[in-house]
Amino acid sequence: MTNGGSINSSTHLLDLLDEPIPGVGTYDDFHTIDWVQEKCKDRERHRRINSKKKESAWEMTKSLYDAWSGWLVVTLTGLASGALAGLIDIAADWMTDLKEGICFNALWYNHEQCCWGSIETTFEERDKCPQWKTWAELIIGQAEGPGSYIMNYIMYIFWALSFAFLAVSLIKVFAPYACGSGIPEIKTILSGFIIRGYLGKWTLMIKTITLVLAVAQD
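The sequence shown runs 13 to 230 under the working numbering.
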């Protein structure tokens, strides 16, 4: 009871943002879709749109939009997925290298990108360049030795724990549905089970951010 109450209280702030649009959501949460009824309603909707498409240019436009809306959604979903995947990959690489140090001249570069523009980088030591500073160099001014090793180790653990704590906190407060892989839930939703908010904007946003944090803290 305590766990369920905490989840409900943490998502109470976002309830207004995730409410269904009037006239669209016809099923309650955790109910199953009546496919026979929905198929009949969809067939009637298509029949009504096609019967009006010759009345005016606007009705023709609505008919074309209805015919191509599925392909449009698939295309936009693919483009958005590719953009998010690229963003996650770039951000995860940067935050992974952040545990070891920073690029002093360009903080937004990861370790590899930082050394690309250095004229002092050699093929034998491609990961070493003056622009990249380890945490030991920045804090205690030592690049090698026992002290630098201990300091780099402490900072590595600090950033890993910080990323993990931030990921857990974001999921706990903003989107409890974002925890886990989500594959079983997606299969359940595709079979016709209603889970309101699971495919919402907050789940997408928090899952994207926490995925970067989870990969970077490992």
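Ideal Cβ positions, reconstructed from N, Cα and C, are used throughout, including at glycine.
Exposure label - N62; buried when at least 16 CB within 10 Å: Here the question's residue 62 lines up with position 50 in the sequence shown. Under this definition N62 is an exposed residue.
Buried or exposed for I195, going by 16 or more other Cβ atoms inside 10 Å? Counting from one through the sequence shown, the residue named residue 195 turns up at place 183. Result: exposed.
Would you check if the distance between the CB atom of V227 and the CB atom of A79 is smaller than 8 Å? For this step, residue 227 is matched to residue 215 along the sequence shown. For this step, residue 79 is matched to residue 67 along the sequence shown. No, these two residues do not count as a Cβ contact at 8 Å.
Test item: CB-CB of K145 and G113 under 8 Å: Counting from one through the sequence shown, the residue named residue 145 turns up at place 133. Counting from one through the sequence shown, the residue named residue 113 turns up at place 101. In contact: K145 and G113 (Cβ atoms closer than 8 Å).
Exposed unless 16 or more other CB atoms sit within 10 angstroms - verdict on N117: Translated into the one-based positions of the sequence shown, residue 117 becomes position 105. Classification of N117: exposed, given that the 10 Å Cβ count is below 16.
Residues bridged to I152 by DSSP? Position 140 of the sequence shown, counting from 1, holds the residue named residue 152. In the DSSP output, where bridge partners are listed per residue, I152 has none listed.
Range of the contiguous alpha helix (DSSP H) that encloses K64: Here residue 64 refers to the residue found at position 52 of the sequence shown. Segment 47–64, the alpha helix (DSSP H) holding K64.
Measuring alpha carbon to alpha carbon, tell me which of A187, D230, I183, G209 ends up nearest D41. Residue mapping note: residue 41 aligns to position 29 of the sequence shown, counting from 1. With distances taken between Cα atoms, D41 lies closest to G209.
Which residue wins for smallest C-alpha separation from M163, given the options L223, I152, D46? Here residue 163 is taken as the residue at index 151 of the sequence shown, counted from 1. Checked all of L223, I152, D46; the closest Cα to M163 is I152.
Taking DSSP as the reference, what is the three-state secondary structure of G204? Locating residue 204 in the sequence shown gives position 192, where the first residue counts as 1. It is coil, neither helix nor strand.
Closest by CA to I207, which one among K53, F170, N122, A190? The count along the sequence shown starts at 1 and reaches residue 207 at position 195. It is A190.
Helix, strand or coil at L44 [DSSP, three-state]: The sequence position of residue 44 within the sequence shown is 32, counting from 1. Note that residue 44 is Thr in the sequence shown here, rather than Leu. Strand.
Looking at the unbroken alpha helix (DSSP H) that takes in T38, where does it start and where does it end? Walking along the sequence shown from the start, residue 38 turns up at place 26. Element bounds for T38: n/a, residue is neither H nor E.
For W106, does the count of other Cβ atoms within 10 angstroms reach 16, so buried, or fall short, so exposed? Counting from one through the sequence shown, the residue named residue 106 turns up at place 94. It is buried - the Cβ of W106 has at least 16 other Cβ atoms within 10 Å.
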